[in-house]
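Read through the structure below, which is laid out as structure tokens, and then see the notes.
2 protein chains.
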Amino acid sequence: MAESTPGAASARIADALRIDILEGVLSPGERIRQEEVAERLGGSRLPVREALRVLAAEGLVELEPHKGARVPHLDRDEVEVLYRMRERLEPLALQLSLPQLSTTDLTEIDRIQAHIEAGVSVPEFLRLDREFHMATYSGCTTEHLMSTIDRMWNATQHYRRAFMELAGAGRQWIVNAEHRLLLDALQRADDNDAERYLSGHIRRTRKELVTHPEIFGT
Amino acid sequence: MAESTPGAASARIADALRIDILEGVLSPGERIRQEEVAERLGGSRLPVREALRVLAAEGLVELEPHKGARVPHLDRDEVEVLYRMRERLEPLALQLSLPQLSTTDLTEIDRIQAHIEAGVSVPEFLRLDREFHMATYSGCTTEHLMSTIDRMWNATQHYRRAFMELAGAGRQWIVNAEHRLLLDALQRADDNDAERYLSGHIRRTRKELVTHPEIFGT
DNA sequence: AATACTAAAATTGGATCCAAAATGACAAGA
DNA sequence: TCTTGTCATTTTGGATCCAATTTTAGTATT
Numbered sequence: 724m725a726e727s728t729p730g731a732a733s734a735r736i737a738d739a740l741r742i743d744i745l746e747g748v749l750s751p752g753e754r755i756r757q758e759e760v761a762e763r764l765g766g767s768r769l770p771v772r773e774a775l776r777v778l779a780a781e782g783l784v785e786l787e788p789h790k791g792a793r794v795p796h797l798d799r800d801e802v803e804v805l806y807r808m809r810e811r812l813e814p815l816a817l818q819l820s821l822p823q824l825s826t827t828d829l830t831e832i833d834r835i836q837a838h839i840e841a842g843v844s845v846p847e848f849l850r851l852d853r854e855f856h857m858a859t860y861s862g863c864t865t866e867h868l869m870s871t872i873d874r875m876w877n878a879t880q881h882y883r884r885a886f887m888e889l890a891g892a893g894r895q896w897i898v899n900a901e902h903r904l905l906l907d908a909l910q911r912a913d914d915n916d917a918e919r920y921l922s923g924h925i926r927r928t929r930k931e932l933v934t935h936p937e938i939f940g941t
Numbered sequence: 724m725a726e727s728t729p730g731a732a733s734a735r736i737a738d739a740l741r742i743d744i745l746e747g748v749l750s751p752g753e754r755i756r757q758e759e760v761a762e763r764l765g766g767s768r769l770p771v772r773e774a775l776r777v778l779a780a781e782g783l784v785e786l787e788p789h790k791g792a793r794v795p796h797l798d799r800d801e802v803e804v805l806y807r808m809r810e811r812l813e814p815l816a817l818q819l820s821l822p823q824l825s826t827t828d829l830t831e832i833d834r835i836q837a838h839i840e841a842g843v844s845v846p847e848f849l850r851l852d853r854e855f856h857m858a859t860y861s862g863c864t865t866e867h868l869m870s871t872i873d874r875m876w877n878a879t880q881h882y883r884r885a886f887m888e889l890a891g892a893g894r895q896w897i898v899n900a901e902h903r904l905l906l907d908a909l910q911r912a913d914d915n916d917a918e919r920y921l922s923g924h925i926r927r928t929r930k931e932l933v934t935h936p937e938i939f940g941t
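Right under this line is the structure:
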């Protein structure tokens, strides 16, 4: 492993921890000890502490004075509202992005969806589904909007995975249909249709999610 | 000043810096030196560094390795999109909040608006206007939604103040009218009307803001 | 006089050390 | 046996010190 860029140790550690949380290596409720992270990722406790502050501000961990860092456990209402936020914000990003999308971009989005349809595992689906949607927003360069969208996806990632592992397989065809309709609207440059399909896609996912209380239980 | 709670020095410093930025003591583009902050607010550079990381994650400062922290300068498009985000997200918070608002809450909101109408300076208006809107959201306890709304207000605070100092006085009657219509809808428990007045209020503000390019120029 | 190069000062990034609080184990008593 | 109080261990929070980088001031050369 290269020393890469010094002056970026805390960012490097924050990235590594973020991946661990998003991939489920660290589960909600799990405690994160600074010294353990420091020796696992290299470096002293100092950049680890800074990384934890950053992740706390992103909502990926919660810090309590003298009690340390934990991956937060979201309740059903919190996740439901996060999805309602997505229903309102992501169509805005799509609207801003659509005029900037090139045919090359659209081809790439099509390629990602084809990959999904070819059949993938749950972790692969989570990665590709996110890639698909983020590619549709790639023409939107507004920092605050895109970072907010990232946060919402990050905060709900664990529950999205739990849902997919529980009941995802039988509903895959719906996701594919919705993605295809969305992509078609993008190719027609019809922002009205695109926003409608997108909000419907998120809304349906929300409704299915909240019918599985076992995802949020203890 | 009491030593208050040890184990909260970095949070205390982050709060103090946040207030400095929001009140305009620190302006966009201005550099923040760690040592200066440390001796001004008490403590060593370490909690200052952690505070700066937190503020960076909140979008209130920008960090460049080895180059230090600055208050970011947002361009017109970024501010406009932040207002479009507010137009979509704050009605959601209002919708979730409305059923939880007591008559005591409504009386308090009325009192704040009466204070605004009594005539206030620009800094007072900025504080009371924010209090007014946050009071209407006080029934909404969803953490991610409320922290996102806080971020949007924080990020645009400097430009809202610049606008108020430039052209605010003559438009105060419109703000008062919109606030009164919103409050009336809340008292009637009409969430549809309330959302409509709120989004219109934010939308009008956005349109007036972006017609003043001198707010964003160097 | 203007520009490029060099060296010194200032500033940030990171590691180690010490203090304070919380967790957990263990023993004593009801 | 269960509860409670105390003490040792673990873990976090904060301060000081050292290294690396950037910035700035000064000087020399064209």
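Those protein sequence lines, which keep their order, are chains P and A. If you're matching positions, the first sequence starts at 724 in the working numbering and goes up one per residue. If you're matching positions, the second sequence starts at 724 in the working numbering and goes up one per residue. We put the CB at the ideal spot given by N, CA and C, even for glycine. For clarity, every value in this text was computed on a predicted model and none was experimentally measured.
Nearest C-alpha to P:ARG807 among P:ASP852, P:GLU840 and P:VAL933: P:VAL933. Under the DSSP assignment, P:LEU786 falls in the beta strand (DSSP E) whose first and last residues are 785-787.
In its chain, beyond the 5 residues on either side, ARG793 and PRO795 have a beta carbon closer than 6 Å to the beta carbon of A:GLU785. The region 883-890 of chain A makes no contact with the region 771-788 of chain A; the number of CB pairs closer than 8 Å stays below 3. Going by C-alpha positions, P:LEU740 is about 26 Å away from A:ARG741. With respect to the 8 Å criterion, P:LEU817 and P:THR871 are not classified as neighbours on the basis of their beta carbons.
Residue pairing by DSSP leaves P:ALA908 without any beta bridge partner. Among the residues facing chain A, P:GLU901 is not included, as its CB has no counterpart in that chain under 8 Å away.
No Cβ of chain P is located within less than 8 Å of the beta carbon of A:MET857. For P:GLY893, the secondary structure class from DSSP, reduced to helix, strand or coil, is helix. Residue nearest to P:THR928 within the set P:ALA885, P:VAL843 and P:ILE839 is P:ALA885 (criterion: CA-CA distance). Of the candidates A:ILE736, A:GLU803, A:ARG776 and A:GLY766, A:GLU803 places its Cα closest to the Cα of A:TRP876. The beta-carbon of A:ASP800 is placed less than 8 Å from the nearest beta-carbon of chain P. Counted as a single uninterrupted DSSP element, the stretch harbouring A:ALA731 is not any alpha helix (DSSP H), since DSSP gives it neither H nor E. Ranked by Cα distance from A:SER922, the options A:GLY782, A:GLU901, A:PRO936 and A:ARG911 are led by A:GLU901. In the three-state reduction of the DSSP assignment, A:GLY923 falls in the helix class, which pools H, G and I. A:ILE897 counts as exposed, since fewer than 16 other beta carbons sit within 10 angstroms of its beta carbon.
Closer than 8 Å to the CB of A:THR865 there is at least one CB belonging to chain P.
Note that the C-beta distance between A:GLU773 and A:SER733 is below 8 Å.
The contact set of P:ALA780 on chain A, defined by CB atoms closer than 7 Å, consists of VAL777, ALA780 and GLU781 in chain order. Residue environment: P:GLN823 is assigned as exposed (fewer than 16 neighbouring CB atoms within 10 Å of its CB, all protein chains considered).
With a cutoff of 8 Å on beta-carbon distance, P:HIS838 and P:GLY747 are scored as not near each other. Following the DSSP letters along the chain, one finds A:ARG807 inside the alpha helix (DSSP H) bounded by residues 799-820. Listed in chain order, the alpha helix (DSSP H) runs fully inside the region 729-765 of chain P are 732-745 and 757-764, counting runs of at least 4 residues. Residue P:LEU797 holds the alpha-carbon nearest to the alpha-carbon of P:GLU753 among P:GLN895, P:LEU797 and P:GLY765. For P:VAL771, the nearest beta carbon of chain A is not closer than 8 Å to its own beta carbon.
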